[in-house]
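Since the structure comes first, as structure tokens, the remarks are kept for the end.
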Amino acid sequence: MNADTIAAIATPPGRGAIAIVRASGPGVRDLASRMVPNVRLHAHRAHHARIVDERGDALDDAIAIFAPAPHSYTGEDTLELHVHGSPVVAREVLRALLALGARLADPGEFTRRAFLNGKMDLHAAAAVADLIDAETRSAARAALANLGGGLAARVRELRAEITAIVEECSGAIDFPEEVPEPDRARIAAVLQRVCEALDALRRDGEVGRLVREGVTVAIVGPPNAGKSSLLNALLGDERALVSEIAGTTRDTIEETISIDGVRVRLVDTAGIREHADRLEAAGIERTHRALASARVALVVLDGSRDLCADARALLAETAGRERVVFFNKGDLGDVGARAAAISGAVCGSVRDAETLRSLRAAVARIGWGGEVPDLERPHLASLREFDAVNAALAALEQARATLAGGQPTDLIVGDLQDAFAALGHVSGDIAAEEVVTGVFARFCIGK
Ligand SMILES: Nc1nc2c(ncn2[C@@H]2O[C@H](COP(=O)(O)OP(=O)(O)O)[C@@H](O)[C@H]2O)c(=O)[nH]1
Ligand SMILES: [Mg+2]
880 MNADTIAAIA TPPGRGAIAI VRASGPGVRD LASRMVPNVR LHAHRAHHAR
930 IVDERGDALD DAIAIFAPAP HSYTGEDTLE LHVHGSPVVA REVLRALLAL
980 GARLADPGEF TRRAFLNGKM DLHAAAAVAD LIDAETRSAA RAALANLGGG
1030 LAARVRELRA EITAIVEECS GAIDFPEEVP EPDRARIAAV LQRVCEALDA
1080 LRRDGEVGRL VREGVTVAIV GPPNAGKSSL LNALLGDERA LVSEIAGTTR
1130 DTIEETISID GVRVRLVDTA GIREHADRLE AAGIERTHRA LASARVALVV
1180 LDGSRDLCAD ARALLAETAG RERVVFFNKG DLGDVGARAA AISGAVCGSV
1230 RDAETLRSLR AAVARIGWGG EVPDLERPHL ASLREFDAVN AALAALEQAR
1280 ATLAGGQPTD LIVGDLQDAF AALGHVSGDI AAEEVVTGVF ARFCIGK
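See the structure below:
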């Protein structure tokens, strides 16, 4: 239990309909009796009340909600004051709470207390931050699926299956006379099931990452192919400078669009060509960096003329990676024949709506396989969780190989213990202090 009482403004700064000031900790009952003196607060009820400061001066006519421990967000006594949405009023209420002995909460400290008091596991706490940070509907839904804490329960089940096997195998080692040799086929079947379950959590986690982080698409091509025109057309805006002078775009320009609910960061780049002056060469250098870090390369070529050497070099350079090839300027002549050599190439013009639709569809297909399933199941979210599951899977695969090789069952115990330990980091049964701190560092004050 925390000895101190924390307080913060929970709503964003600025004017609004209401502002919420909250406090949590053992001193809350006392704070409530001082700041809401005229009303006896019932648990979990919204009371309309006069709020006063530490000297008894009126601050607002507002709504006060008291939630006693442990039936509150933090698991401690909490008080929420819903005041008129003036920054001045909210600040004054906070000031009075501090004057009466509360201290200003650190970022995420309310949720941290919820975690420490067993109201939610670490994975669910991180999902709170993901939900607040979500920029698309699908990202919000994915975060919501993780709020319930179902992941920890699922991983604990898998850990229990692993320990059961460990006990079985160790029993046979310790008491070879009394305990029969474990059933190898059954153990192999259980381990396979556990691996499949972990793999499913990982696959769903990849989808979650996609909807949360989006994908980056680098628009690359020789100068004058129409890259900046394409960025503008996809944005429906005149963001990038377009001109018939080759080498106009010298820096990379980033803009974000949404394709089927997935955030797509478009990076317009300087045209790639062999013979460039120094400034242009610096831009081209940056283009190669953008290309290296993008998930998808959108290669734009001038389809109205024969491919230049730079275009051919770029096609060769990107052949082995995720890419969409676009033959532009189809309005100037038939580009189909030139595009025929590249399978799946899109032909047309940035000035044609149908072409833009095809390009969006091609980016979706190459970037994330077309359709993003709605994530309603708990799934891996942090890199740390991915690492832990990968480590567990590696150990389990090792154990399965040992079994399949006909080796004694006691040889798999070490690997199973490693897998068990790794999964403890996902179920939250093992939580290092710096991991906990990292999770809550992402929060804003008042959450
Ligand atoms: N006719 C035609 N001209 C285009 C098309 N796309 C771009 N352009 C022109 O090609 C020139 C170069 O375009 P820009 O977007 O600056 O090319 P970038 O160097 O690849 O960024 C500009 O004059 C554009 O108006 C197209 O589909 N058809
Ligand atoms: Mg350009």
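According to my numbering, the sequence shown is numbered sequentially starting from 880. Glycine is no exception: its CB is placed at the ideal position from the N, C-alpha and C atoms.
DSSP three-state assignment for residue i, whether helix, strand or coil
| i | result |
| --- | --- |
| residue 1144 | strand |
| residue 1245 | helix |
| residue 903 | strand |
| residue 1058 | coil |
| residue 1201 | coil |
| residue 910 | helix |
| residue 1082 | helix |
| residue 1048 | helix |
| residue 897 | strand |
| residue 1207 | strand |
| residue 1226 | strand |
| residue 1176 | strand |
| residue 1181 | strand |
| residue 1190 | helix |
| residue 1023 | helix |
| residue 982 | strand |
| residue 918 | coil |
| residue 1167 | helix |
| residue 1195 | helix |
Span of the alpha helix (DSSP H) around residue i
| i | result |
| --- | --- |
| residue 1011 | 1001-1012 |
| residue 1314 | 1312-1320 |
| residue 1269 | 1262-1283 |
| residue 1217 | 1215-1218 |
| residue 1121 | Here residue 1121 belongs to no alpha helix (DSSP H), and DSSP marks it neither H nor E. |
Alpha-carbon to alpha-carbon, residue j and residue i
| i | j | result |
| --- | --- | --- |
| residue 1177 | residue 1130 | 17 Å |
| residue 977 | residue 1037 | 46 Å |
| residue 1217 | residue 1254 | 41 Å |
| residue 973 | residue 989 | 15 Å |
| residue 1246 | residue 1148 | 19 Å |
| residue 970 | residue 888 | 8 Å |
| residue 905 | residue 1033 | 34 Å |
| residue 1158 | residue 1236 | 35 Å |
| residue 1316 | residue 1210 | 57 Å |
| residue 1163 | residue 1151 | 6 Å |
| residue 1062 | residue 1075 | 20 Å |
| residue 1065 | residue 1051 | 15 Å |
| residue 1042 | residue 1285 | 21 Å |
| residue 1326 | residue 961 | 15 Å |
| residue 1300 | residue 1035 | 11 Å |
| residue 986 | residue 930 | 25 Å |
| residue 1328 | residue 1013 | Nothing can be reported for residue 1328: it is not among the residues displayed for the chain, which extend from 880 to 1326. |
| residue 1180 | residue 1098 | 10 Å |
| residue 1107 | residue 1225 | 17 Å |
Own chain partners of residue i with C-beta closer than 8 Å, once the 5 adjacent residues on each side are dropped
| i | result |
| --- | --- |
| residue 911 | 920, 943, 945 and 958 |
| residue 1202 | 1175, 1176, 1177, 1178 and 1245 |
| residue 1010 | 1019, 1022, 1023 and 1026 |
| residue 1188 | 1153 |
Outcome for residue i when other beta-carbon atoms lying within 10 angstroms are tallied against a minimum of 16
| i | result |
| --- | --- |
| residue 1135 | exposed |
| residue 1166 | buried |
| residue 917 | exposed |
| residue 894 | exposed |
| residue 1137 | exposed |
| residue 975 | buried |
| residue 1262 | exposed |
| residue 967 | exposed |
| residue 1264 | buried |
| residue 847 | Look at the range of the chain in this structure, 880 to 1326, and you will see that residue 847 is not part of it. |
| residue 1087 | buried |
| residue 1105 | buried |
| residue 1205 | buried |
| residue 1260 | buried |
| residue 1102 | buried |
Same chain, Cβ closer than 7 Å to residue i, five either side skipped, listed in chain order
| i | result |
| --- | --- |
| residue 1278 | 1070, 1291, 1294 and 1295 |
| residue 948 | 954, 955 and 956 |
| residue 992 | 881, 903, 953, 954 and 955 |
| residue 1044 | 1066, 1069 and 1295 |
Boundaries (first-last residue) of the beta strand (DSSP E) holding residue i
| i | result |
| --- | --- |
| residue 1135 | 1132-1138 |
| residue 1099 | 1094-1099 |
| residue 1111 | Careful: residue 1111 lies outside any beta strand (DSSP E), inside the alpha helix (DSSP H) at 1106-1114. |
| residue 945 | 937-946 |
| residue 961 | 957-963 |
| residue 1298 | Residue 1298 -> not in any beta strand (DSSP E); alpha helix (DSSP H) instead, spanning 1292-1306. |
| residue 972 | Element bounds for residue 972: not the beta strand (DSSP E) but the alpha helix (DSSP H), 966-978. |
| residue 928 | 925-931 |
Residues of its chain near residue i, where Cβ-Cβ distance is below 6 Å and the 5 sequence neighbours each way are ignored
| i | result |
| --- | --- |
| residue 1003 | 1026 and 1028 |
| residue 1008 | 1321 and 1322 |
| residue 1234 | 1227 and 1228 |
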